[in-house]
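Report on the structure given below.
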Amino acid sequence: MSRPAHQRPPLHVLVATGGPELDALTSATVAALSQRGVSVRTTHAWDGLGRELIGHLPDLVLIDAHPRSTADGTAAAQLVRSSLQAGLILVIDSGSTTEMLAAFDAGVDDCVVRPYEVEVLLARILAVARRINPDARSVWRIGRVVVDEDAHRVSVANRAVELTPTEFSLLALLCRTPGRVVSKERLLNDIWGYDHFALNVVEVHVSSLRRKLEDEGSNIIQTVRGAGYAARGDF
-17 MSRPAHQRPP LHVLVATGGP ELDALTSATV AALSQRGVSV RTTHAWDGLG
33 RELIGHLPDL VLIDAHPRST ADGTAAAQLV RSSLQAGLIL VIDSGSTTEM
83 LAAFDAGVDD CVVRPYEVEV LLARILAVAR RINPDARSVW RIGRVVVDED
133 AHRVSVANRA VELTPTEFSL LALLCRTPGR VVSKERLLND IWGYDHFALN
183 VVEVHVSSLR RKLEDEGSNI IQTVRGAGYA ARGDF
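Position one of the sequence shown corresponds to residue -17 (the working numbering), numbered consecutively onward.
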């Protein structure tokens, strides 16, 4: 049965928001993290953050200050840094150079300005996570295909395959849950972060990805009619 090349404890991420509810962008980020096998909890950054830090000891805290100010986000970051030595990323709507420097002085590992691409933020989260645990790697093996997310490398039977960033993201997402069908809608949301594009955008990119893998002798990307796509072994 196809499975990840190795097992390791999941990354625990706490997402602390500036508003009482998750907006569409933050929701897409949480969904994409969960799809990658990350354990995610959410809380309000100014109501319950302290309890979550003490009660669950996350590996990384993502503070999304929206719709509050950069200064408010920095204050929340100071609370995190005074409580534990976890990875810390601050997401803000906007901010002057002075405000962003203050955030870094407060101990954040990275500062991201909205709107952002979900996949780019995920890459930054994983980069911070690797600094916390440099031994952790995300390597997936399906049939003869090996996907190394950290090295951003794909091979088929030990032969390197050149993919675009979008093709790589699609393949990695499918390989994280081998055999499971992933809908076109979910791919669109997780890769692009929003649903402004038509579903045929997904079809075009999957077709290109499949062609490149098939050129190397792999047919792991399978279409499940009316449901979506799945990565299945091609022994």
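Glycine residues also receive a C-beta, built at the ideal position from the N, C-alpha and C atoms.
Owing to the predicted nature of the structure, the values given are computational and were not obtained by experimental measurement.
DSSP-derived helix/strand/coil call for residue i
i       : result
Leu(-7) : coil
Ala(-2) : strand
Glu58   : Residue identity differs from the one stated: residue 58 is Ala in this sequence, not Glu. Helix, per DSSP.
Arg50   : coil
Thr146  : coil
Ser76   : coil
Asp172  : helix
Asp5    : coil
Val12   : helix
Asp197  : helix
Close beta carbons around residue i, own chain, < 7 Å, minus the five adjacent residues each side
i      : result
Val143 : Val136, Ser137, Lys194, Leu195 and Glu198
Val110 : Leu42, Gly69, Ile71, Asp91 and Asp92
Val188 : Leu152, Ile203 and Tyr211
Arg158 : Gln17, Arg18, Gly19 and Trp122
Val206 : Val163 and Ala212
Ala59  : Ile45, Leu70, Leu72, Ala85, Ala88, Gly89 and Val90
Residues that residue i bridges to, as DSSP identifies them
i      : result
Thr24  : Val(-3)
Leu42  : Val(-5) and Gly69
Gln204 : Ala212
Asp92  : Ile71
Ser190 : Note: Ser190 sits in no beta bridge, so no partner.
Gly37  : Its beta-bridge partners do not exist; DSSP assigns none.
Ser137 : Val128 and Ala142
Val164 : Tyr211
For residue j and residue i, believed in contact at Cβ under 8 Å, the rounded distance
i     : j     : result
Ala68 : Leu42 : 6 Å
Gly37 : Arg63 : Incorrect: roughly 18 Å between the Cβ atoms, too far for contact.
Own chain partners of residue i with C-beta closer than 6 Å, once the 5 adjacent residues on each side are dropped
i       : result
Ala209  : Val163
Val127  : Val138, Ser200 and Ile202
Ala(-2) : Thr25, Ala27, Leu31 and Ile45
Ala154  : Val129 and Glu131
- Message: I want to know whether the region 89 to 108 touches the region 135 to 143 - three or more CB-CB distances under 8 Å.
- Response: Result no; under three Cβ-Cβ pairs closer than 8 Å.
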